[in-house]
Amino acid sequence: MNYATIKWADVANGPGVRVSLFVSGCTHRCPGCFNEEAQDFAYGRPFTEVEEDKILQALSPAHIKGLSLLGGEPFEPDNQRALLPFLRRVKEQYPQKEIWCYSGYVLEEELWRPSRARCKSTDEMLSLLDILVDGPFVEAKKDLNLRFRGSSNQRILNVPASVAAHQPVLWDGDMTIQPITV
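For the sequence shown, the working numbering assigns the number 76 to the initial residue and increments by one for each residue that follows.
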């Protein structure tokens, strides 16, 4: 997997100060995409253990609230397979840090059901996320006043609550992360 960029002190893609990893590769091709160059799977640089270690180190300060995954598309199957071992490391080392993921796929339509996005890594990857911002960017529904999303069709979902309820549960704007037992 390649990545487009890493933002070491991002305040736009989740609450608080975060480290944000922008992966490369996306088949959605949403008109008006803010990160069009990252749609190309070959764009950027290879995401290696060196970058993983740098991100883990960057997550260590108490003022860093968590990690955000964006793209490109983190839930492209090849990206899921590459991200899963890294996310395990993040949760093991920092169970109190929130992991947010932005995806153009819709949870109950494409990540929980058979689709081109669903693969052997999907359920475990979802289990390591705290928040999923789902749904494609729709230029006609673009709203600059929305918090942590680009268009009004996109939802901010509490992943653990959604999994427990077997249906999407919207994020209430505040959440205390409990360590996951692995």
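Think of the CB as a built atom: it goes at the ideal place given N, C-alpha and C, for glycine as much as any other residue. Computed from a predicted model, the values in this text were never measured in an experiment.
Expected contact under 8 Å - CB spacing of residue i and residue j to nearest Å
| i | j | result |
| --- | --- | --- |
| Gln-155 | Cys-194 | 6 Å |
| Leu-142 | Leu-96 | 7 Å |
| Val-208 | Trp-175 | 7 Å |
| Ala-192 | Pro-243 | Between Pro-243 and Ala-192 the Cβ distance is about 16 Å, and since that is not below 8 Å, they are no contact. |
| Arg-224 | Leu-245 | The Cβ separation is near 12 Å, so there is no contact. |
| Lys-270 | Gly-91 | Absent from the structure is residue 270, since the part of the chain shown begins at 76 and ends at 257. |
| Phe-116 | Ala-157 | Wrong, their Cβ atoms sit about 11 Å apart, outside the cutoff. |
| Trp-83 | Ala-133 | 5 Å |
Nearest neighbour of residue i, chosen from the options [CA to CA]
| i | options | result |
| --- | --- | --- |
| Gly-89 | Glu-127, Glu-173, Arg-104 | Glu-173 |
| Glu-126 | Glu-151, Val-98, Leu-221, Asp-153 | Val-98 |
| Phe-109 | Ala-236, Trp-187, Gly-147, Met-200 | Gly-147 |
| Ala-236 | Ser-227, Leu-219, Leu-201, Gln-229 | Leu-201 |
| Ser-196 | Asp-128, Leu-159, Phe-223, Tyr-118 | Leu-159 |
| Val-165 | Val-94, Asp-247, Val-244, Val-86 | Val-94 |
| Ala-215 | Cys-105, Asn-77, Ile-81 | Cys-105 |
| Glu-199 | Phe-161, Asp-218, Tyr-169, Leu-232 | Phe-161 |
| Leu-232 | Ser-226, Lys-217, Val-181, Arg-188 | Val-181 |
| Ala-240 | Ser-227, Trp-187, Asn-77, Glu-111 | Trp-187 |
| Ser-135 | Arg-163, Asp-205, Gln-168 | Gln-168 |
| Arg-163 | Leu-204, Lys-82, Met-76, Ser-190 | Leu-204 |
| Ala-87 | Pro-189, Lys-217, Leu-145, Val-238 | Leu-145 |
Exposure label - residue i; buried when at least 16 CB within 10 Å
| i | result |
| --- | --- |
| Ala-79 | buried |
| Val-234 | buried |
| Pro-211 | buried |
| Ser-178 | buried |
| Gly-119 | buried |
| Asn-220 | exposed |
| Gln-114 | buried |
| Glu-185 | buried |
| Asp-85 | buried |
| Ile-255 | Confidence is the limiting factor: at Ile-255 the pLDDT is only 36, short of 50, which leaves the residue's position unreliable, though a coordinate-based value still follows. Classification of Ile-255: exposed, given that the 10 Å Cβ count is below 16. |
| Tyr-149 | Before going on, a small fix: residue 149 reads as Pro here, not Tyr. Per the 10 Å Cβ criterion, buried. |
| Glu-124 | exposed |
| Gly-248 | exposed |
Residue i, DSSP secondary structure in three states
| i | result |
| --- | --- |
| Ala-84 | strand |
| Phe-54 | For the chain, the structure presents residues 76 to 257; residue 54 sits outside this window and is missing. |
| Thr-251 | With a pLDDT of only 47 at Thr-251, under 50, the local geometry of the prediction cannot be trusted, and no value is derived from it. |
The ligand MN heavy atom lying under 7 Å from the CB of residue i
| i | result |
| --- | --- |
| Asn-228 | By its list of ligands, the structure shown contains no ligand whatsoever, and the ligand MN lies outside what it can speak to. |
At which residue ranges does the region 166-240 contain complete beta strand (DSSP E) runs of 3 or more residues, listed in the order of the chain? 173-177, 206-209, 230-233
Could you pull out every unbroken beta strand (DSSP E) segment of at least 3 residues lying fully inside the region 103-147, listed in chain order? The region 103-147 contains these whole beta strand (DSSP E) runs: 139-145.
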